[in-house]
Structure formats: C-alpha cells, structure tokens
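Line order of the protein sequences matches chains F and L.
According to the working numbering, the first sequence holds residues 523 to 841 in order.
According to the working numbering, the second sequence holds residues 523 to 841 in order.
Just below is one structure, and these are the notes that go with it.
There are 2 protein chains.
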Amino acid sequence: MAVYTDMTDDELAALLAEFDIGQAIAFKGIAEGVENSNFLLETDRGRYILTLYERRVREGDLPYFLNLLTWLADHGFPSARPVADRQGRTLKTVRGKPAAIVEFLIGISARRPTTAHCREAGAGLARLHLAGQGYPGRRENDLGQEAWSPMFARLWDAAEALKPGLADTIRADLDYLGRDWPRGLPTGVIHADFFPDNVFFRDGKFAAAFDFYFACDDAYAYDLAIALNAWCFEADGSFNLTAGRSMLAGYQAHRPLTVEERAALPILAHGAAMRFFLTRLNDWGATPAGALVRPKDPLEYERKLAVHRAGLALLGDHA
Amino acid sequence: MAVYTDMTDDELAALLAEFDIGQAIAFKGIAEGVENSNFLLETDRGRYILTLYERRVREGDLPYFLNLLTWLADHGFPSARPVADRQGRTLKTVRGKPAAIVEFLIGISARRPTTAHCREAGAGLARLHLAGQGYPGRRENDLGQEAWSPMFARLWDAAEALKPGLADTIRADLDYLGRDWPRGLPTGVIHADFFPDNVFFRDGKFAAAFDFYFACDDAYAYDLAIALNAWCFEADGSFNLTAGRSMLAGYQAHRPLTVEERAALPILAHGAAMRFFLTRLNDWGATPAGALVRPKDPLEYERKLAVHRAGLALLGDHA
Chain F
523 MAVYTDMTDD
533 ELAALLAEFD
543 IGQAIAFKGI
553 AEGVENSNFL
563 LETDRGRYIL
573 TLYERRVREG
583 DLPYFLNLLT
593 WLADHGFPSA
603 RPVADRQGRT
613 LKTVRGKPAA
623 IVEFLIGISA
633 RRPTTAHCRE
643 AGAGLARLHL
653 AGQGYPGRRE
663 NDLGQEAWSP
673 MFARLWDAAE
683 ALKPGLADTI
693 RADLDYLGRD
703 WPRGLPTGVI
713 HADFFPDNVF
723 FRDGKFAAAF
733 DFYFACDDAY
743 AYDLAIALNA
753 WCFEADGSFN
763 LTAGRSMLAG
773 YQAHRPLTVE
783 ERAALPILAH
793 GAAMRFFLTR
803 LNDWGATPAG
813 ALVRPKDPLE
823 YERKLAVHRA
833 GLALLGDHA
Chain L
523 MAVYTDMTDD
533 ELAALLAEFD
543 IGQAIAFKGI
553 AEGVENSNFL
563 LETDRGRYIL
573 TLYERRVREG
583 DLPYFLNLLT
593 WLADHGFPSA
603 RPVADRQGRT
613 LKTVRGKPAA
623 IVEFLIGISA
633 RRPTTAHCRE
643 AGAGLARLHL
653 AGQGYPGRRE
663 NDLGQEAWSP
673 MFARLWDAAE
683 ALKPGLADTI
693 RADLDYLGRD
703 WPRGLPTGVI
713 HADFFPDNVF
723 FRDGKFAAAF
733 DFYFACDDAY
743 AYDLAIALNA
753 WCFEADGSFN
763 LTAGRSMLAG
773 YQAHRPLTVE
783 ERAALPILAH
793 GAAMRFFLTR
803 LNDWGATPAG
813 ALVRPKDPLE
823 YERKLAVHRA
833 GLALLGDHA
C-alpha cells in the first residue's frame, strides 16, 4: 500500500515546468510499492510514474539506483528509464523529499506464477545480470550474509514469540551459513528483490523488471536463489522442483552457471530465505496492532528455511 | 486509500473473458476512493477502471448507480460509462463481491481549487442536473435532512468528546434545520458528494465528475450547497464569497436558480455542513487508534457549521 504524501496541482505543475514532458492530463496515486508514494502521471506527451521516496531508501543511494535504471535501459534491458529534467537531473525534490519520474511500463505481474512464468522470469534475471555488466556504480549489499547475525541479535525474542524454540534453530542456521557461505562466485549488479510483484509479463513473456531499490553488488547466483525462493514455492510451503528447474533453464539460456554456482545454489537459497525471514520478522514486530496494512508474514520464510534445512540438493545437480 | 481486495491474473482473465474489451496489458491498484477497491485496467483496446464494491455501498443500490452513469453518458454528461459484458450486464461479481468496469476518464482534480475552478465546477454541476432529468431510477437520500436527528441521537457523546458543549449547539442547529428546512424546491438526481476530489479538470475546464455512490433524488439547490461547502472555504475556515459567487455564476450559466432556491441557499448550506459533520463524526469514532488511514476531521465541518450559524445571507441575495 502506498501514497503517503499527496501533491497539490500547483506542486505538480511546478515540477513538470522543470521537465520537457508536457502538461499533466491525469494524475493518480497508485497502490504499488510498500515503501514509497507512487503516482501514475499522464501528460500530453506520454505516461510516467512519479515516485516520492519516503522511507528505507537512503537518499545517498538514489543516484546509484537511478543511474542503474538509465544504464539498464541504455543496454537493452526492459526497465523504467528515469526522465531527466532540462538540466539533465533525474533526482528531484518534492515537498522536501527525493523524487524521480520514470517511464511507465506496460505489463502485468503474475500473481500466481506458473512454470512457464518461472522460465521467463529466469531468462529476465539473466538478461538483467548481463545488461548490468560494466555499470560503474558500486553499492554493497547491506542485507548480505554478514549482516544476518547482527540483525538476528536484536530479533531473538521476536523469533521465540513467533514460535518457541525457533531462535535456537535460526542460530544454528546462521552458524552453518557463516561457516560454509560460498566465496569467489561471479558477482555484479543484482536486483536482490526479484519477486513476482516486481516483474511484468506481456503475452506470457518477460516484459520488464522494476523496484530496484535493493539492487547492489553481490553474487549473481545469490540473486537467482532469491528468485527461486520467491517464485517456485507452492502455497502449501512445498518447493516445486519443476518450476525451479524451469527457472534455472530460462536463466541458463542467457547466462550459463558455472559448476561452482550450481553447487552453491542450495546454500544460497537457504541464505536467501534467511535474509527475507529476518527482515520480515523485524517488520512484523515493528507494526502497531490495529494497523490496516499488515506486513508480510515471517512464517512463510520460516517454512522455506525448514525446506532448505532438509536440502535442495537436486537443484544443485541440475545442469 | 483503497485496494482492499487483490485479484489474481486468472481471476482477471476469467472476468475479461466475459467482456469484449480485449486482453489485459496493465493492471494496477489505484489509491482512489476510500470505500472500494479500484484498479487501473489497460487492455489492447482501451483503458478502464475496475471497481470492487467493498463497504457502505449497498448491493441493491448498484443498479441505480450504474444505470445512472450509463444514462448520463448517453445524455452528454462527461462521466465514466460502465462497460457491459457480452450479455449486456454492467454489474458483475468478483470474489463474491459486486464489481463493475467503467471507462477511464482523463483529467486531474484541483487539490486547491481556485475561483476559476469553482466557476467551472458550478457549471459542471448544473450540466449534471440537466443531464439527469428524465432518468427513471429512484433513490431516496438516506443521508437527507430527516436522517440527521436520528443519526445525532447516537453521536451525542462523540460530539461532547470532540468539544465540550458542542452537543447542545448541534441539537439547536438540528431543531432550526428541522423547523425551517425548505420544501418544494426543484428536485431530481443529485450527486450529493460533489467534492473537489470527485471532479476532473483538463486545461482548466470542467472535464468530468465521478464517484456517484451517494447520488439520489433531492433538491438541486441542496447539491449546490454541498458543493459550496466543499469548494469555497479557505484553509483557515473562512468562506470565500468570491469563490462562492463564482460557483453560483457558473451554475446559473447552465441552470438559473429560482427565487426560492436562491433564498434557500444559506439554510441548505447549513444543512449540508450538518450532513458531513455527522457522518465524519460517526466515522471518526469508529476508527481504531493506530490505523494508518485517518478518517476526515469532523472539526473541519464543525467550523463550517459555525460560519453558517452566523449566516451566509449575501449568498442568498446574489442573483
């Protein structure tokens, strides 16, 4: 749910006066992106999304994200190109908040991805990894493996409250992940939040990816592991191996994995489940009772952790 | 804030299969309308809004509203025409909830209306009253003058909690309104919620009205009084007489008021302020503490009531 900040027509007109994209003819708040205020902006020249950055996104990181979107669009990847104002700036300020206008993307998210969607999503992720090569921006993954133990130190009680005995299990997971986490895999720009609601399809084909506000430098195969978790589990908590293999095949059609990457997938997927479990557990505790918008259930990722503890060896075997 | 219900792509495809408007190529929840879930739906044939009716709107009233929208569109008024399915039905069911697809309207709401906007809005309201003439549907105003005293009987404590001593003042207002409420004014279809956020402009001209879910049969001049309250007060609580006269002039350019209607405007505006004060007071008390979406402040309309108590005689004098 979004739109935390509203804008007056005068503020919108003042903003558009700094651009060369015409006058607004339609302007609607859209319920997309949990963290920011997003508006559908239509002018007599085209359609755009105006985003006001509200929370979590650090202002200092925005040039990295906006320049990355421009880079990807310049290198043939279907993502929302930021629009530069008359002075060439893409990062603007509205009501004291950072803001940007990007091109509107056509497409629909797969709310219940099929095996065919998983193949297309895998292909899209590989294309993203290839298009990002050479991007000069650098951003560390501040939610990467080294961050998990310090984060969990603050969440021990929350884990126990969620499920008695869970904290010890998570501690053991973290020890294993810290000890065996793979090093030296191919790295580059990763999306780091490649979930079904951040991908558009059109006519069943991958059409675009968006919401790059977790993008950073990390192992490509870790990004794929995040996507396997996000796309290939059934509602009952079981891993759909057919969907997983389909995503791998779609990915490898564009960027074949190395032997080391394939072997690392099970532990990478275990770690990726840990990253989303921890941030969801953190958000779960921080939301006041009675709020209309419930955060995402951390138990979904607790169940995925359990699946990974049992092992996804078959994934690693797959060529 | 909206979008209470989400839809899967399968549900959307199943719904669209019953229409002749093509396949979905974009689908986004939009933050418009407090009561319903609204989606921007783009197909390869055009753009639409899909609404799922969630609360407050009684299912039995929906044919009145949807047929009214069709009638208005057929009679030259710019409102969102409902789209009929292959069987000619505009009222559909999605996830057990009533639903409708209407055409997408181009335009922007005036978040801070100027005097020029007030003139245009007045003209639009008069055009709406004229276009609605002959509409065969009937719907009583269940929030009309006769409903206010019974509603207030349940809100005495809430009024006192808002401002000590307020309940007695409201009781005196209601006695006056009940005694002197004008009868026999010209009636017909009124919008009954003609606020700035329910009106679109384009190039400074009235472009469309929407959100007809309070429409009913009542006095045209009462509808105008609701609009005067909604459009012509300053943020500091003062009534902008220039804006008010501008709205009246815009209205009368299309539908001149009778002598009786002009004379009745001050008490109608007082009553219109009472209607919104009471429903806001009711919603205010019903919202749990900590909810992310705050209802509209009843004190805004308490201040308007005070202005009307002092009298808006000048408005009534205006030809």
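Glycine included, C-beta positions come from ideal geometry on N, C-alpha and C.
Q. Just curious, the beta strand (DSSP E) that L/ALA622 is in, first and last residue?
A. Element bounds for L/ALA622: 619-625.
Q: Using alpha carbons as the reference points, say which of L/THR637, L/ARG603, L/ALA741 lies closest to L/THR764.
A: Selected option, being the one with the closest Cα: L/THR637.
Q: Compare the C-beta of F/ALA553 with all C-beta atoms of chain L and state if any pair is closer than 9 Å.
A: By this cut-off, F/ALA553 is an interface position.
Q. Where does the unbroken alpha helix (DSSP H) through L/GLU564 begin, and where does it stop?
A. Bounds of any alpha helix (DSSP H) do not take in L/GLU564; it lies within the beta strand (DSSP E) bounded by 559-565.
**Q.** Distance, L/ALA681 Cα to F/ASN804 Cα
**A.** Distance between the alpha carbons of F/ASN804 and L/ALA681: 40 Å.
Q) Does the beta carbon of L/ILE623 come closer than 9 Å to any beta carbon on chain F? A) L/ILE623 does not count as touching chain F.
Q.
Tell me the DSSP secondary structure of F/PRO604 in three-state form.
A. Note: F/PRO604 maps to strand in three-state DSSP.
Q.
So with CB distances below 8 Å, who are the chain F contacts of L/THR530?
A. Ordered by position in chain F, the residues that pass the 8 Å Cβ test against L/THR530 are ARG633, ARG634.
Q: Give a yes or no on whether 9 Å exceeds the smallest Cβ distance from L/GLU822 to chain F.
A: Chain F has no Cβ within less than 9 Å of the Cβ of L/GLU822.
Q | Residues bridged to F/PHE761 [DSSP beta-bridge criterion] | A | For F/PHE761, which the question treats as bridged, DSSP gives the partners F/PHE755.
(Q) Quick check on L/TYR570: does DSSP put it in helix, strand or coil? (A) Secondary structure of L/TYR570 (DSSP, three-state): strand.
Q) Beta-carbon of F/ARG577 versus every beta-carbon of chain L: anything under 9 Å? A) No, because no Cβ of chain L sits closer than 9 Å to the Cβ of F/ARG577.
Q) Along chain L, in chain order, which residues have C-beta atoms closer than 8 Å to that of F/GLY629? A) Residues of chain L passing the Cβ test: ILE547, ALA548.
Q. What are the boundary residues of the beta strand (DSSP E) that F/ARG705 is part of?
A. Unbroken run through F/ARG705: none, as it is neither H nor E.
Q.
For L/VAL829, report the span of its alpha helix (DSSP H) as first-last.
A. Note, L/VAL829: alpha helix (DSSP H), 820-832.
Q. Cα separation between L/ASP819 and L/ARG825?
A. L/ASP819 and L/ARG825: Cα-Cα distance of roughly 11 Å.
Q | Distance between beta carbons of L/SER631 and L/ASP719, contact taken as under 8 Å | A | With a beta-carbon spacing of about 5 Å, L/ASP719 and L/SER631 fall inside the 8 Å limit used to define contacts.
(Q) Check whether chain F comes within 9 Å of L/GLU756, counting only Cβ atoms and requiring the distance to be less than that. (A) Contacts with chain F at 9 Å (Cβ-Cβ) do not include L/GLU756.
Q.
Suppose you measure from the CA of L/LEU538 to the CA of L/TRP670; what does that come to, to the nearest Å?
A. So the two alpha carbons sit approximately 42 Å from each other.
Q) Is F/SER671 helix, strand or coil when you go by DSSP? A) In this structure, F/SER671 counts as helix in the three-state DSSP scheme.
Q) What is the DSSP secondary structure of F/ALA632, reduced to helix, strand or coil? A) Coil.
Q. With contact counted as at least three CB pairs below 8 Å, one residue from each stretch, are the stretch 573-590 of chain F and the stretch 650-666 of chain F in contact?
A. Yes: the two stretches touch, three or more of their Cβ pairs being nearer than 8 Å.
**Q.** CB contact check: L/ARG641 to chain F, cutoff 9 Å
**A.** No, because no Cβ of chain F sits closer than 9 Å to the Cβ of L/ARG641.
**Q.** Residues sharing a beta bridge with F/THR615, DSSP
**A.** F/THR615 pairs with F/PRO620.
Q: Going by CA-CA distance only, name the one from L/LYS619, L/ILE543, L/VAL605, L/GLN609 that's closest to L/ASP528.
A: Ranking L/LYS619, L/ILE543, L/VAL605, L/GLN609 by Cα distance to L/ASP528 puts L/LYS619 first.
Q.
Between L/LEU534 and chain F, is the shortest Cβ-Cβ distance under 9 Å, so that the two count as touching?
A. Cβ-Cβ to chain F under 9 Å: yes for L/LEU534.
Q: Measure the Cβ-Cβ separation of F/HIS776 and F/ASP745 and say whether it is below 9 Å.
A: No, Cβ-Cβ distance for F/HIS776 and F/ASP745 is not below 9 Å.
Q) Beta-carbon separation of F/THR850 and L/ARG633 under 9 Å? A) No statement about residue 850 of chain F is possible, as the shown extent of chain F runs from 523 to 841 and does not include it.
Q: Thinking F/LYS550 and F/LEU534 are a contact (beta carbons under 8 Å), I'd like their distance in whole angstroms, please.
A: About 12 Å; that fails the 8 Å criterion.
Q: Could you check the C-alpha separation between L/ALA675 and F/ALA731 for me, to the nearest Å?
A: Approximately 55 Å between the Cα atoms of the pair.
Q) On the three-pair Cβ rule with 8 Å, is the stretch 787-807 of chain F touching the stretch 646-659 of chain F? A) No: the two stretches stay apart, fewer than three of their Cβ pairs being nearer than 8 Å.
Q) Per DSSP, which one or two residues make a beta bridge with F/ALA731? A) Looking at the DSSP assignment, F/ALA731 forms a beta bridge with F/VAL721.
Q | Counted within 10 angstroms of its Cβ, other Cβ atoms place F/SER559 as buried (16 or more) or exposed | A | Burial call: buried.
Q) Using a C-beta to C-beta distance shorter than 8 Å, which residues of chain F count as neighbours of L/LEU562? A) By Cβ distance, chain F contributes LYS550, ILE552, LEU562.
Q.
Is there a C-beta anywhere in chain L that falls below 9 Å from the one on F/ARG567?
A. Not flagged as an interface residue toward chain L: F/ARG567, since no C-beta distance is shorter than 9 Å.
Q.
Comparing C-alpha positions only, which one of F/ASP702, F/GLN774, F/ALA643 sits nearest to F/PHE723?
A. The candidate whose alpha carbon is nearest that of F/PHE723 is F/ALA643.
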